[in-house]
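J.: Protein chains in written order, with the working numbering: chain Y, 327 to 708; chain G, 45 to 193.
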Amino acid sequence: MSDNSPGFFQKLPSALPGLVLIVLTMVVIRQWLEPWMTNAAIFGQKGWMVKVLHLNYILLGIICGMLYRNVIFGGRMPAIFSDGFKLSRLMIKTGIILLGSLYTVQGIVKLGSMAVFLIGGFVIMTIVMVLWLGKLLKLDRSMTGVLANALSVCGVSAAVATSPAVEAKASQVAYAIATILGFGILTMFISPFIGHALGFTDLQYGAWIGTGILNSGQVLAAALAFNPNVAPGTSVSVAEIWNIMRVISIPFAVFAVTVWYWAGKEESAEGGQKKTLGTLLVEKFPVFVIGFMVMVALTSMGAFGEVGVKGGAPASDTIKMLRLWMTWIFGFGLVGLGGYIDFKELAKAGGTPLKVGLIVGTTKYVLALLLVILIKDYLVAI
Amino acid sequence: MYRQIVVAVDGSAATAEALEHAAHLARRSGAALTGVFVLDGNWADFIGNDWQSSKGARQGFLDYIRQEQEEQAEAARGQFEAAVAGLESTQFSLLAGDPTEELVKLASQPSTDLLVVSRQVFQVSGRPSLKSLAKTLAQKATRPLLLLG
Numbered sequence: 327m328s329d330n331s332p333g334f335f336q337k338l339p340s341a342l343p344g345l346v347l348i349v350l351t352m353v354v355i356r357q358w359l360e361p362w363m364t365n366a367a368i369f370g371q372k373g374w375m376v377k378v379l380h381l382n383y384i385l386l387g388i389i390c391g392m393l394y395r396n397v398i399f400g401g402r403m404p405a406i407f408s409d410g411f412k413l414s415r416l417m418i419k420t421g422i423i424l425l426g427s428l429y430t431v432q433g434i435v436k437l438g439s440m441a442v443f444l445i446g447g448f449v450i451m452t453i454v455m456v457l458w459l460g461k462l463l464k465l466d467r468s469m470t471g472v473l474a475n476a477l478s479v480c481g482v483s484a485a486v487a488t489s490p491a492v493e494a495k496a497s498q499v500a501y502a503i504a505t506i507l508g509f510g511i512l513t514m515f516i517s518p519f520i521g522h523a524l525g526f527t528d529l530q531y532g533a534w535i536g537t538g539i540l541n542s543g544q545v546l547a548a549a550l551a552f553n554p555n556v557a558p559g560t561s562v563s564v565a566e567i568w569n570i571m572r573v574i575s576i577p578f579a580v581f582a583v584t585v586w587y588w589a590g591k592e593e594s595a596e597g598g599q600k601k602t603l604g605t606l607l608v609e610k611f612p613v614f615v616i617g618f619m620v621m622v623a624l625t626s627m628g629a630f631g632e633v634g635v636k637g638g639a640p641a642s643d644t645i646k647m648l649r650l651w652m653t654w655i656f657g658f659g660l661v662g663l664g665g666y667i668d669f670k671e672l673a674k675a676g677g678t679p680l681k682v683g684l685i686v687g688t689t690k691y692v693l694a695l696l697l698v699i700l701i702k703d704y705l706v707a708i
Numbered sequence: 045m046y047r048q049i050v051v052a053v054d055g056s057a058a059t060a061e062a063l064e065h066a067a068h069l070a071r072r073s074g075a076a077l078t079g080v081f082v083l084d085g086n087w088a089d090f091i092g093n094d095w096q097s098s099k100g101a102r103q104g105f106l107d108y109i110r111q112e113q114e115e116q117a118e119a120a121r122g123q124f125e126a127a128v129a130g131l132e133s134t135q136f137s138l139l140a141g142d143p144t145e146e147l148v149k150l151a152s153q154p155s156t157d158l159l160v161v162s163r164q165v166f167q168v169s170g171r172p173s174l175k176s177l178a179k180t181l182a183q184k185a186t187r188p189l190l191l192l193g
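1) Can you give me, in chain order, the residues of the stretch 154-176 of chain G that have a beta carbon less than 9 Å from any beta carbon in chain Y?
2) Provide the residue span of the beta strand (DSSP E) that contains G/G79, from first to last.
3) Can you look up Y/L477 in the DSSP assignment and give me helix, strand or coil?
4) Could you please give the first and the last residue of the uninterrupted beta strand (DSSP E) stretch that includes Y/Q544?
5) Could you tell me whether the Cβ atoms of Y/A504 and Y/E671 are closer together than 8 Å?
6) For G/A120 and G/V53, what's the separation of their Cα atoms in angstroms?
7) Per the DSSP calculation, Y/K281 is bridged to which residue(s)?
8) Given a cut-off of 8 Å, decide if Y/A341 and Y/D409 are closer than it, judged by their beta-carbon atoms.
9) Alpha carbon to alpha carbon, what distance is there between G/P143 and G/F166?
10) I'd like the list of long-range same chain contacts for Y/R415, defined as Cβ closer than 8 Å, with 5 residues on each side in sequence excluded.
11) Would you grab the beta carbon distance between G/D84 and G/R171 for me? Rounded to a whole angstrom, and I think it's under 8 Å.
12) Can you tell me whether G/Q123 is helix, strand or coil according to DSSP?
13) Is G/V50 close to chain Y, meaning its C-beta is less than 8 Å from at least one C-beta of that chain?
14) Contact criterion: CB-CB distance below 8 Å. Does G/R187 meet it with respect to chain Y?
15) For G/L189, which of helix, strand or coil comes out of DSSP?
16) With a Cβ-Cβ cutoff of 8 Å, do G/V148 and G/L181 count as a contact?
17) In chain Y, which residues lie with their C-beta within 7 Å of the C-beta of G/Y108?
18) Name the DSSP bridge partner or partners of G/F136?
19) Do Y/L550 and Y/F411 count as a contact pair if the criterion is CB distance below 8 Å?
20) Measure the CB-CB distance between Y/G687 and Y/L546 and report whether it falls below 8 Å.
21) So which of Y/A673, Y/K419 and Y/R467 has the shortest CA-CA distance to Y/W588?
22) Starting from G/V50, follow its DSSP beta bridges and name the residues at the other end.
23) Quick one: is G/E112 near chain Y, going by C-beta distance under 8 Å?
24) Which of the three DSSP states is assigned to Y/G401 in this structure?
25) Give me the Cβ distance between Y/W717 and Y/A675, rounded to the nearest whole Å; I'm assuming they're in contact under 8 Å.
26) For Y/V449, which residues of its own chain have a beta-carbon under 8 Å away from its beta-carbon, when the five flanking residues on both sides are left out?
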């Protein structure tokens with residue numbers, strides 16, 4: 327069961343076949359498939375797949391990853407490819423760190439202050455709603471605790487971070503993860519349609535999905551599916567600020583739910599992992615956020631030249647190159663993400679956790695949608 | 045008729061009936077009885093796209109799940125030993141891997157004369173897909189298989 331992650335360079339030889347498959351997939355998609363789709367006439371309309379289905383290299387990459395695992399390889403990634411697909415985690419993290427080059431400190435403060443307000447409100451509202459529903463539907467307290475953070479903060483990472491603290495059983499974590507992944511995948515595919523149909527700007531769309539989609543990988547995918555460009559003001563630049571705010575809130579949410587869990591337990595109860603907020607901050611703080619902030623600081627100091635903010639000087643060649651890399655890195659990472667979507671697990675999710683997940687997930691998704699429509703004039707562009 | 049009977053046990057009430065049947069058949073036929081528990085090795089894969097947790101947090105979670113599985117394995121061993129008291133040839137075997145794949149292997153091994161499995165086995169601490177373990181076994185087993193409720 328051990329993760330057995332010896333480090334990037336030690337792992338590289340065994341990861342090569344999987345990485346080659348991922349890279350080849352993305353090259354074929356971007357060099358041949360996407361251009362073909364842009365020109366192909368279907369139902370009498372040129373580029374129907376792009377204009378109507380909103381298919382782009384991001385969605386195609388995820389679909390290919392899913393097909394590899396669930397169709398071509400019969401439900402399980404073959405051992406020869408699995409180490410390469412595991413490395414996709416590292417690619418997405420690297421991409422997010424590089425994404426720091428889209429912002430200056432001033433931009434982050436402007437966008438982040440709005441994100442703090444929205445994310446904070448939604449995290450608290452979601453936790454309260456899950457705890458209330460859990461009590462109403464007589465759901466086990468550990469399961470309620472895991473679902474509260476998984477639905478409020480950021481899916482799998484929050485479930486993983488919360489489970490030991492609330493003494494959740496493996497099966498409870500598994501059902502919580504299957505529920506949020508299933509809901510997240512659905513929203514990942516429908517959000518770009520809704521966003522385009524409602525004529526959302528990148529800012530509105532990014533704020534909506536950054537708040538309303540449960541799992542971070544799916545926020546990234548949905549943002550790039552709406553607009554595959556990586557530049558200041560695009561949907562991914564907005565959604566990821568929202569996402570990072572949520573990620574930062576993991577230790578606080580774990581602490582809050584842990585306090586709730588232990589407060590409701592009988593006094594004689596022993597065991598479990600009661601931890602202070604300080605310990606949780608050290609243990610659960612996602613380190614890649616520090617890398618992202620360092621990148622923002624370097625960008626603000628002009629280390630990479632002009633950022634290319636709307637109305638300002640054009641982006642430097644270094645910044646342009648970084649953005650091109652990011653599109654490829656995210657593309658690779660999301661093929662890997664698709665390869666981890668296991669239909670067998672998702673199809674078997676069910677019971678009360680699924681009910682709570684669907685009720686809370688849908689409420690959050692729709693409320694966030696209504697909110698960005700209502701406050702569109704107050705959203706601040708960078 | 046049977047020389048080697050294998051039964052999947054997880055320490056839960058669900059597998060008690062399967063174990064009782066397996067022990068009864070072993071007594072009547074004089075067969076050797078092996079109890080099997082599978083430590084689920086697929087958890088790292090299951091939380092695969094959790095890319096935000098640090099390596100420590102991720103491994104911490106996997107260790108936490110592993111501890112639960114080991115406790116479950118001990119419960120299974122205790123359940124097995126209590127049920128086979130008086131039988132001459134018994135052993136408890138702890139395997140690691142994907143529980144469905146490991147049981148399919150056992151259900152296709154020439155040395156297995158009979159595999160006894162509860163439809164609820166490994167669901168106490170299992171992933172959702174283990175709900176279809178019995179169905180997969182019924183489709184893929186090449187050796188005699190006894191499925192119980």
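We put the beta carbon where it would ideally sit given N, CA and C, even for glycine.
T.: Let's see:
1) Q167, V168, S169, G170, R171, P172, S173, L174, K175 and S176
2) As a position in the second sequence, residue 79 of chain G is number 35, starting the count at 1. Unbroken beta strand (DSSP E) run through G/G79: A76 to D84.
3) Counted from its first residue, the first sequence places residue 477 of chain Y at position 151. If DSSP states are grouped into helix, strand and coil, Y/L477 belongs with the helices.
4) Residue 544 of chain Y sits at position 218 when you count from the first residue of the first sequence. Unbroken run through Y/Q544 is the alpha helix (DSSP H), S542 to F552; no beta strand (DSSP E).
5) On the first sequence, position 178 is the one that residue 504 of chain Y refers to. On the first sequence, position 345 is the one that residue 671 of chain Y refers to. Yes; because the gap between Cβ atoms is below 8 Å, this pair is in contact.
6) If you number the second sequence from 1, residue 120 of chain G lands on position 76. If you number the second sequence from 1, residue 53 of chain G lands on position 9. C-alpha separation (whole angstroms): 6 Å.
7) As shown, chain Y starts at 327 and ends at 708. That puts residue 281 of chain Y outside it, with no answer to give.
8) Residue numbering aside, residue 409 of chain Y sits at position 83 when the first sequence is read from its first letter. Residue numbering aside, residue 341 of chain Y sits at position 15 when the first sequence is read from its first letter. It is a contact, given that the beta carbons lie within the stated cut-off.
9) The residue given as residue 166 of chain G occupies position 122 in the second sequence. The residue given as residue 143 of chain G occupies position 99 in the second sequence. Cα to Cα, the separation comes out at about 8 Å.
10) As a position in the first sequence, residue 415 of chain Y is number 89, starting the count at 1. Taken in chain order, the residues that qualify are G659 and G662.
11) By 1-based counting over the second sequence, the position of residue 84 of chain G is 40. By 1-based counting over the second sequence, the position of residue 171 of chain G is 127. G/D84 to G/R171, Cβ: 7 Å. Contact.
12) As a position in the second sequence, residue 123 of chain G is number 79, starting the count at 1. G/Q123 falls in the helix class under three-state DSSP.
13) Stepping through the second sequence from its first residue, residue 50 of chain G is reached at position 6. No, because no Cβ of chain Y sits closer than 8 Å to the Cβ of G/V50.
14) Residue 187 of chain G sits at position 143 when you count from the first residue of the second sequence. No, G/R187 does not count as interfacial toward chain Y.
15) Walking along the second sequence from the start, residue 189 of chain G turns up at place 145. It is a strand residue.
16) Along the second sequence, read from residue 1 onward, the residue named residue 148 of chain G stands at position 104. Along the second sequence, read from residue 1 onward, the residue named residue 181 of chain G stands at position 137. Against a cut-off of 8 Å, the Cβ pair of G/L181 and G/V148 comes out as a contact.
17) Here residue 108 of chain G is taken as the residue at index 64 of the second sequence, counted from 1. Simply S489 and P490.
18) Within the second sequence, residue 136 of chain G is the residue found at index 92, counting from 1. DSSP lists G/G79 as partners of G/F136.
19) The residue given as residue 411 of chain Y occupies position 85 in the first sequence. The residue given as residue 550 of chain Y occupies position 224 in the first sequence. Taking 8 Å as the Cβ cut-off, Y/F411 and Y/L550 do not qualify as a contacting pair.
20) Numbered from its first residue, the first sequence carries residue 687 of chain Y at position 361. Numbered from its first residue, the first sequence carries residue 546 of chain Y at position 220. Cβ distance not < 8 Å, so Y/G687 and Y/L546 don't count as in contact.
21) Here residue 588 of chain Y refers to the residue found at position 262 of the first sequence. Nearest C-alpha to Y/W588: Y/R467.
22) Numbered from 1 along the second sequence, position 6 holds the residue referred to as residue 50 of chain G. According to DSSP, which records beta bridges pairwise, G/V50 is partnered with G/T78 and G/L159.
23) Counted from its first residue, the second sequence places residue 112 of chain G at position 68. At least one chain Y Cβ lies under 8 Å of G/E112.
24) As a working mapping, residue 401 of chain Y is identified with position 75 in the first sequence. Of the three classes helix, strand and coil, the one that applies to Y/G401 here is coil, per DSSP.
25) Outside the displayed range of chain Y (327 to 708) lies residue 717 of chain Y, so it cannot be described from this structure.
26) Against the first sequence, residue 449 of chain Y aligns to sequence position 123. Counting only Cβ-Cβ distances below 8 Å, and skipping sequence neighbours, we find S478, V479, R572, S575 and A579.
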